[in-house]
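Chemist: Residue numbers (my numbering): 164 to 348. Glycine included, every Cβ here is placed at the ideal spot set by N, Cα and C. The structure displayed is predicted, hence computed values, not measured ones.
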Amino acid sequence: MVKGLIRLCYSKIIDVSSAGVWDKYVFEDTYKEFFMQSQYFNQQQKFLTFREILENDPKADKLHYLVSTAAIGYLRQLNERIPDVVNGSGKLFLPFKNFRFEILQSHVKDQSQHRVAIHFYSEVMTWIDTIGNQLLLATGDQLEAMHTGQFIDTDMLALRPYLSVSSFQLKNVQPVDVPVQSINA
Numbered sequence: 164m165v166k167g168l169i170r171l172c173y174s175k176i177i178d179v180s181s182a183g184v185w186d187k188y189v190f191e192d193t194y195k196e197f198f199m200q201s202q203y204f205n206q207q208q209k210f211l212t213f214r215e216i217l218e219n220d221p222k223a224d225k226l227h228y229l230v231s232t233a234a235i236g237y238l239r240q241l242n243e244r245i246p247d248v249v250n251g252s253g254k255l256f257l258p259f260k261n262f263r264f265e266i267l268q269s270h271v272k273d274q275s276q277h278r279v280a281i282h283f284y285s286e287v288m289t290w291i292d293t294i295g296n297q298l299l300l301a302t303g304d305q306l307e308a309m310h311t312g313q314f315i316d317t318d319m320l321a322l323r324p325y326l327s328v329s330s331f332q333l334k335n336v337q338p339v340d341v342p343v344q345s346i347n348a
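#1: Using only CA atoms, which one of Phe264, Asp273, Glu196 and Leu320 lies nearest to Ile291?
#2: Is the CB of Asp192 under 7 Å away from at least one CB in chain C?
#3: Considering only C-alpha positions, which residue in the set Thr232, Gln206, Leu171 and Phe190 is nearest to Gln282?
#4: Return the chain-ordered list of same chain residues with a C-beta closer than 8 Å to the C-beta of Val230, the five sequence neighbours on each side being excluded.
#5: Quick test of your reading: Pro258 and Ser275, contact by CB under 8 Å. State the CB separation rounded to the nearest angstrom.
#6: Spatial neighbours of Pro338 within its chain, please: CB distance less than 6 Å, with the 5 preceding and 5 following residues excluded, ordered by chain position.
#7: According to DSSP, is Ser345 helix, strand or coil?
#8: Reducing DSSP to helix, strand and coil, say where Lys166 ends up.
#9: Hey, quick one: how far does the beta strand (DSSP E) through Asn296 stretch, first residue to last?
#10: So, is Asp273 buried or exposed, given that buried needs 16 or more other C-beta atoms within 10 angstroms?
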């Protein structure tokens with residue numbers, strides 16, 4: 164039986180130890196942007212870390228968004244496919260349009276302490292079943308096609324760290340009549 168519709172969230176952590184070329188570019192450019200943008204919130208240069216800046220100026224919470232602009236071009240290079248998360252054939256397949264950028268930590272004088280997360284939110288997926296530690300999925304809302312007996316394309320997705328179900332919707336649930344008892348009876 165079909166489980167329902169889900170959206171997945173994959174959190175990609177990028178820091179000095181990230182090995183991929185794309186990751187390194189994101190690391191370098193977001194650090195440069197952090198260094199420049201943080202000066203506005205740290206004009207006296209009293210604070211060294213992102214946390215110190217944030218604790219002393221709550222408006223510095225805007226740094227998440229401001230620094231994210233340095234990653235936009237790299238995100239476009241992904242062609243709306245979540246990176247690192249592959250199907251059973253080893254291909255990227257999870258579509259995304261939405262993301263959230265987060266500075267986990269950073270330091271104005273030590274780039275090696277810069278660490279960010281990009282949270283990718285998938286488009287709607289039809290969750291058909293779970294087989295072992297893998298989800299059987301179809302892209303988009305395929306419930307109607309399944310109920311009318313049509314073939315649909317599916318993918319197997321192994322569960323992995325930093326991947327979670329961010330939202331769930333059960334479609335076409337038939338209400339169940341529950342016998343009600345009156346207190347006065």
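Modeler: This is what the structure gives:
#1: The candidate whose alpha carbon is nearest that of Ile291 is Leu320.
#2: Given the protein chain composition of this structure (a single chain), no chain C is represented.
#3: Note on residue identity: the sequence assigns His, not Gln, to residue 282. Closest option to His282, judged by alpha-carbon separation, among Thr232, Gln206, Leu171 and Phe190: Leu171.
#4: Excluding its 5 nearest sequence neighbours in each direction, Val230 has C-beta neighbours in its own chain below 8 Å: Thr193, Glu196, Phe197, Gln200, Phe264, Ile266 and Val279, listed in chain order.
#5: Taking C-beta atoms under 8 Å as the contact rule, Pro258 and Ser275 fail to qualify, at a distance of about 34 Å.
#6: The predicted position of Pro338 is uncertain, since its pLDDT is 46 and thus under 50; no value can be drawn from it.
#7: Per-residue confidence for Ser345 stands at a pLDDT of 41, beneath the threshold of 50, marking its modelled position as unreliable; no derived number is given.
#8: For Lys166, the three-state secondary structure derived from DSSP is coil.
#9: Asn296 -> no beta strand (DSSP E), and no H or E assigned at all.
#10: The residue in question, Asp273, is exposed, as its Cβ has fewer than 16 Cβ neighbours within 10 Å.
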